[in-house]
Amino acid sequence: MVTVTFINADGATAQCEAEEGTSLLEVGQAAGMPLEGTCEGQMACSTCHVIVAKDWFHRLPEASEEEEDMLDLAFGVERTSRLSCQIDVTSDIDGLSVRIPSESRDMSGS
Ligand code: FES
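Quick note on my numbering: the sequence shown kicks off at 304 and runs consecutively.
If you want it as structure tokens, here you go:
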């Protein structure tokens, strides 16, 4: 089992046991994190956006061009943002920590 930590927008942390072969999105969803993952990993939404801890970012396999393009559209993107559906759970990510972006996606247009 691989252990990953999710940090909620309000700072609460959740340590999760993740099974190899799943995606980080699935792990987060199973842990009740507010990750919609509307397109289920098809890279057609950006609702699975997470911000990877800085010291982990460069240890992950690089994002594809499609992922980068999708991230451009995500809300609250930071330098270490990734799409969680594109992060495979392997023993390499044991100890990974990611933050959930704050939910301030206010569409009221004020
Ligand atoms: S679930 Fe849609 S891009 Fe990740």
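The C-beta atom is built at its ideal place from N, Cα and C for all residues, glycine as well.
In the DSSP assignment, Val380 falls outside any alpha helix (DSSP H) and carries neither an H nor an E. Checking the DSSP bridge columns, you'll see Asp391 partnered with Ser326. In this structure, Ala312 has its beta carbon at no less than 8 Å from each heavy atom of ligand 1. Leu338 has its alpha-carbon roughly 6 Å from the corresponding atom of Gln332. Using a cutoff of 8 Å, the CB of Ala347 counts as near ligand 1, since one of the ligand's heavy atoms is closer than that.
Non-local beta-carbon contacts of Ser326 in its own chain, meaning distances under 8 Å to residues more than five positions away in sequence, involve Gly344, Ser387, Cys388, Gln389, Ile390, Asp391, Val392 in chain order. Judged by DSSP secondary structure, Ile403 falls outside any beta strand (DSSP E); it is assigned neither H nor E.
At the C-beta level, Ser349 and Phe378 come within 9 Å of one another. Apart from sequence neighbours up to five positions away, the residues of its chain that approach Cys319 with a beta-carbon distance below 6 Å are Val307, Val330, Ala334, ordered along the chain.
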